[in-house]
Structures are given as structure tokens and as C-alpha cells.
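Residue numbers (the working numbering), protein chains in the order written: chain A, 1416 to 1847; chain B, 25 to 200.
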């Protein structure tokens, strides 16, 4: 067979596997679009002006940079300065686009930010008067899943889980699928988590019965035609949420979540220092029976159980690195710690533990004693050497958070042009 | 004058034409893009983008019959841009993981076809475009030249060099 015939045969065999493609989305069909970007792109005049402006802008930036450096050399940096902006070499290690739910307006906005430029590439409010609740991202840096809630009547909340995809032109997103979640009656909150390959979504919601909290996790195909939950697991706990921060592990078949490492006693909140793994092919049923413990931080580290110790930490959020070797714990500290001298607990920190031994390996970053707040790891690279998270800012006392990236034990700030809805919360309002 | 639906007639006309073109040709264009870029998801993005471009420029299109040619050129150009951008990204950052869907799809093909496709991916973009347009779409040199926006002579030499390179890669078993 000639080489031409081999090319014909191979290419035809390959394209025969392509059968279904998604429907065409023209601007009115696009769920949301940024007309300003579209107009600028279509305007030849604007493009020409932009081209001429480039050298002028570069010159202006150089002059501004020189002036800034001169000023910095003359004045010693005062304590509590915000971390420096992440340089390009650090930015290249993390996903380019991230999604954030913001609370700058009366309605919550959904924004996708290009962390290379610091600009919003997509910005919209929840359609139809709904409230945006959570966002998560797949590994391809352009697919996200959002949850909305809408009060239908006094007793009924309707939840919507929507998968969107950033269009090749930044500024446009394509509504890829609305996943029909089921059996969510009386849920008090609902979060959705997209698998790294974007094919499955894990939906987690809570119901309250008196002081007992019941958590349900469902898995769905992340497609418009998803027939319903593939699996469902539930668990309950008296007095507190039975699980904390859910996330997918890198292999697309495992969900991980944290659980309290001690019983809930009195008014002390539990510390979620124990991580469990759930294989999504496990049969439906009891969540704890279907999952297994993969990491258990020493219970003595729980600031909320036992006497106060300056070394004690409690994980505000726990994340296992994709290689499965390291548990990254973003700590929670505060003046509310029983037994602590008000205002002088150990500062919040980002700590790496060995998953195998449960022992602390290193402190990736620590804030000074007496600082308060949470560190919430949002994204980590394979080994935990680069971690993106929400960190207490210099204005931590006013409650504002800094979106930062930790690389080489240095903390750099990332552009955050909006106020995240959960600036000091669990990280469900921001996704890389 | 506006139609009852509130759309200007020209806009409605563009929408209908572009939707009809999509119905008729999108699958074929996605198949072409899959051969150029390797994975279906990216190929669909590229084709969507080409149709969106056509829709936005519909009023400037002088001959509606040439829309398919415009789309085909647009897809070829966007595939080329995709390779350039990916190459630049590889130089400074981690290469995105191989597309799982593509890997699964190609696993269903025979060994001989997989080797040819892998070898095709190793060609320079222009050679790959010329070979695919000539031997998958069975275009003439003139048609391929129009789609690629280059001269007929360049298509001829790119095709010839592409085939020679394919033969060498397959003979040496140098498929990576």
C-alpha cells in the first residue's frame, strides 16, 4: 500500500470515530457575553490605536517601575506590606484562568479572571434573579461548574448546576450543560465539584433535622442528558457538618473530603483534620462505610480539643496533592480558641504533612503570632511545591483576604479585581 | 425594519444561513480539525469559533456561496494558531496532558492506523495541512492552496516533503 493510501485509510478511520458534536452557539445563544470585548475586537480603529499604544504603554510602565523602585529603595518596607505581585515565572506554574464569585454588588457576580493580565475576561450576574453559590473548575483551565439557588416559594429552593466553557475568544462562555440534580428537597446548601477531566460532577448538599446535619454526595455525568445520579452516599453528624471541603483527586475516580478528628463536644467546633477518600465506583449507601481514611493529622494539633498550645493548628481546609504524598493544611487560628490569650494565638499558616506517617513535614508559610484568620488552599501542583490559596491580608483585621500563590517559600499576590464572596471561608467561591 | 421577533432582517438572514451551514458542514470541519489538532474538544472549539467569525462578518461576505471556503480556511488557520500557541506554552510551562478522549478514541484503531496518525502529528504544520487536505479531503492542489492561503507550488512542495517525511518516520519506527 502506498504512503498516500495509508494516509487516506488512517485519517478516514480516525474521523469515523467523530460522530456527535455540540450544537452551534451564536451570540444570542451564548449564555453570557461581554459586548465590550466583541466591539473592541471588531473595531479596526480600536485595534490600530491599541497597536500604536503598545510602545507608549511599555515606556510608561518602565518609567513607573523605575520611579517605584527608587521610592522603595529610599524607604524601608513597613511591616505588614502586601506580598509582591507574582512574577511571570511563578504565574507560568499555575492555571491561567480562575473563576470567582464576588460580592461587590447587591447580586453576587461570577467572574473569570486572567491571572496573567489581572483583567476580568467574563463577568455576569446570576440569571433570573438566582443567587450564585459555588464554583469549581476542571483541569483544562477553561471549564467550570456553577451552582445557583432560587427561592421558588417560602418552602422550596430550586438548585441549578450549570457547566460552562470559556470560549476560544475570552469574554464569551458557552453553556455546555445544565445538570438536572435530583432529590435535593430541603437542602440548605449545595455545592458542585467538576472532575479534572470535566466528565463527572459531584454534588454535595446538606439537610438539617434539629441539630443533626445530614450530608449527601451524588455523582452525575456532567452532560445535558445526564439521566440522574449515578451513585448517592449519605452520612449524618450531631451538632456539626459531617464533612468538610470536598475535592476530586487527580485520577478522576476519587473524591476526597475531610471529617472531624474528634467528637463534637460542648460548644467547641470540630477540627477537620482527617481526610477520607471515596472511589466514585463504590456502591451507593453510607458515606463513611464506602470511604476510607487516607490521612489523619495528630489530634493533639487540634486547637479545639485539649489545652491551648502555641503549636496547635486546626485545618480550615485540607487538600491532598495530586501525587497523593502530601496533605496541605491551611490553618485556622483566632481569638475564639478556648484557653488562648486573646489576640495571641499562633499565626495562621500553610503546613505540609506526610500522608503516610501523618507527621508534619514542613511549614510552607507562616504568619506572625497574634495574626488571625484562615489560610485556605485552593489549588496545588502535583507535589505541593506551588500552592494557590486565600491568605489573610495585611488588612486581615478588616476581614479582607489576599489571593496568593506560594512558590519557593515565598508568597506572591495574584490579581483579584473583585471581592470574593467567601474571602475567609471555605474556598467554594473561587476555583482554579 | 425589524421583524416581529425584534431581529433585523439581515441578522435573521445571517443566523439562518450560518445555522444551515453548520448543520451541513460542521461535522466535516470538526473531522478535519481533529486530524490537525488531535483532540475533538479543541477541534469543536475551533469550528465553533470559525462559525462565530462567519456570523459576525456575514454582512461583509460578498458571495454566500463562498462561505464554505471561508470556513475551511478559517479552520485551517485556527488549527495552525493552536499549534503555535501550544508550542509557545510548552517552552515556558507544562504541556497540557494528552487528551484522554483522543487517546481512548485512537485506542480503537488498529496499530497501523495509529502509527500513521502519530507520524502525521510529527510533521511540520504546513506539511500536515497539505497532506490532510490532499489525501483526506481529496482536494486538488489549487483547492488546497486556496484553503491554506498559499501558492499552488508551495502546496506541491509541502505535500511532497510531508509524504517523504511520513515514509521516513514510519520506516524508521520513529513515531514518538
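Cβ atoms here follow ideal geometry from the backbone N, Cα and C, with glycine treated the same way.
*Pick helix, strand or coil for residue 46 of chain B, following the three-state DSSP scheme.*
Note: residue 46 of chain B maps to helix in three-state DSSP.
*Coil, strand or helix - residue 162 of chain B by DSSP*: DSSP places residue 162 of chain B in coil when its eight states are reduced to three.
*What did DSSP end up calling residue 21 of chain B once you bin it into helix, strand or coil?*
The shown model of chain B, from 25 to 200, leaves out residue 21 of chain B, and the question about it has no answer.
*Name the chain A residues that come within less than 7 Å of residue 59 of chain B, Cβ to Cβ?*
1426, 1429, 1430, listed in chain order.
_I need the boundaries of the alpha helix (DSSP H) containing residue 187 of chain B, first residue and last residue._
Residue 187 of chain B -> alpha helix (DSSP H) spans 176 to 196.
*Contact set for residue 158 of chain B: own chain, Cβ-Cβ below 6 Å, skip 5 residues either direction*: The answer, listed in chain order, is 168, 183.
*Measure the alpha-carbon distance for residue 1519 of chain A versus residue 1598 of chain A and round it to whole angstroms.*
Taken atom to atom, the span from the alpha-carbon of residue 1519 of chain A to that of residue 1598 of chain A is near 32 Å.
*Using DSSP with H/G/I as helix, E/B as strand and the rest coil, what is residue 8 of chain B?*
Because chain B in this structure spans residues 25 to 200, residue 8 of chain B falls outside the shown range and cannot be described.
*Throw me the rounded Cβ distance for the residue 1817 of chain A and residue 1497 of chain A pair, which I believe falls under 8 Å.*
Your pair residue 1817 of chain A and residue 1497 of chain A checks out as a contact, with CB atoms roughly 6 Å apart and the cut at 8 Å.
*With 8 Å as the threshold, decide whether the Cβ of residue 137 of chain B is near any Cβ in chain A.*
By this cut-off, residue 137 of chain B is an interface position.
_Residues, ordered as in the chain, of the stretch 1637 to 1659 of chain A that lie near chain B by beta-carbon distance below 9 Å_ = Correct list: empty, as no residue qualifies.
*Are the CB atoms of residue 1558 of chain A and residue 1613 of chain A nearer to each other than 8 Å?*
Contact flag set, yes.
_Separation of residue 1515 of chain A from residue 1527 of chain A, as counted between CA atoms_ = The straight-line gap from Cα to Cα measures roughly 6 Å.
*Does any C-beta atom of chain A lie closer than 8 Å to the C-beta of residue 146 of chain B?*
Proximity of residue 146 of chain B to chain A, defined by a Cβ-Cβ separation below 8 Å, is not satisfied.
*Identify whether residue 1439 of chain A lies in helix, strand or coil by the three-state DSSP scheme.*
Looking at residue 1439 of chain A - three-state DSSP - the assignment turns out to be coil, as it is neither helix nor strand.
*Does the stretch 165 to 179 of chain B touch the stretch 95 to 102 of chain B, meaning 3 or more C-beta pairs lie closer than 8 Å?*
Yes: at least three Cβ pairs fall under 8 Å.
*Buried or exposed for residue 1807 of chain A, please, with buried defined as at least 16 other CB atoms from any protein chain shown within 10 angstroms of its CB.*
So residue 1807 of chain A ends up on the buried side.
*Cβ of residue 76 of chain B less than 8 Å from any chain A Cβ?*
By this cut-off, residue 76 of chain B is an interface position.
*Kindly say whether residue 151 of chain B, judged by its beta-carbon, lies nearer than 8 Å to any beta-carbon of chain A.*
Judged by the 8 Å Cβ criterion, residue 151 of chain B is not in contact with chain A.
*Can you tell me where the alpha helix (DSSP H) with residue 1691 of chain A in it begins and where it stops?*
Residue 1691 of chain A -> not in any alpha helix (DSSP H); beta strand (DSSP E) instead, spanning 1689 to 1694.
*Under 7 Å Cβ-Cβ, which residues of chain A neighbour residue 133 of chain B?*
Residues of chain A passing the Cβ test: 1428, 1429.
*Excluding the five sequence neighbours on either side, which residues of its own chain have a C-beta within less than 8 Å of the C-beta of residue 147 of chain B, listed in chain order?*
Apart from sequence neighbours up to five positions away, the residues of its chain that approach residue 147 of chain B with a beta-carbon distance below 8 Å are 155, 186, 189, 190, ordered along the chain.
_Near-chain B residues of the stretch 1813 to 1829 of chain A (beta-carbon distance less than 8 Å), N- to C-terminal order_ = Hits within the stretch: zero.
*How many Å lie between residue 217 of chain B and residue 1648 of chain A at the Cα?*
Absent from the model: residue 217 of chain B. The displayed extent of chain B is 25 to 200, so no value can be given.
*Would residue 90 of chain B count as contacting chain A if we go by Cβ distances under 8 Å?*
No - not a single Cβ of chain A is within 8 Å of the one on residue 90 of chain B.
*asked:* Please tell me whether residue 1561 of chain A and residue 1530 of chain A are closer than 8 Å, where the distance is taken between their beta carbons.
replied: By the CB criterion at 8 Å, residue 1561 of chain A and residue 1530 of chain A fall outside the cutoff.
*Chain-ordered chain E contacts of residue 43 of chain B [CB-CB under 9 Å]*: This model lacks chain E altogether, as its protein chains are A and B.
*Leaving out the 5 sequence neighbours to the left and right, which residues in its chain are closer than 7 Å to residue 1594 of chain A when beta-carbon positions are compared?*
Closer than 7 Å at the Cβ level, and outside the excluded window around residue 1594 of chain A, lie 1576, 1578, 1616, 1635, 1637, 1641.
*How about residue 1573 of chain A: is its C-beta nearer than 8 Å to some C-beta of chain B?*
Chain B contact via Cβ: absent.
*Cβ-based burial, residue 1477 of chain A [other Cβ within 10 Å; buried from 16]*: Exposed.
*When DSSP labels each residue in this structure, what does residue 1706 of chain A get in the three-state scheme?*
If DSSP states are grouped into helix, strand and coil, residue 1706 of chain A belongs with the strands.
*For the stretch 41 to 52 of chain B and the stretch 69 to 83 of chain B, state whether three or more C-beta atom pairs, one from each stretch, are separated by less than 8 Å.*
Short answer: they touch.
_Helix, strand or coil at residue 53 of chain B according to DSSP, with G and I counted as helix_ = Helix at residue 53 of chain B.
*Do you know offhand how far residue 1823 of chain A's Cα is from residue 1548 of chain A's?*
One Cα belongs to residue 1823 of chain A, the other to residue 1548 of chain A, and the distance between them is close to 33 Å.
*Kindly indicate which three-state DSSP category residue 1525 of chain A falls into: helix, strand or coil?*
Annotated three-state conformation of residue 1525 of chain A is strand, per DSSP.
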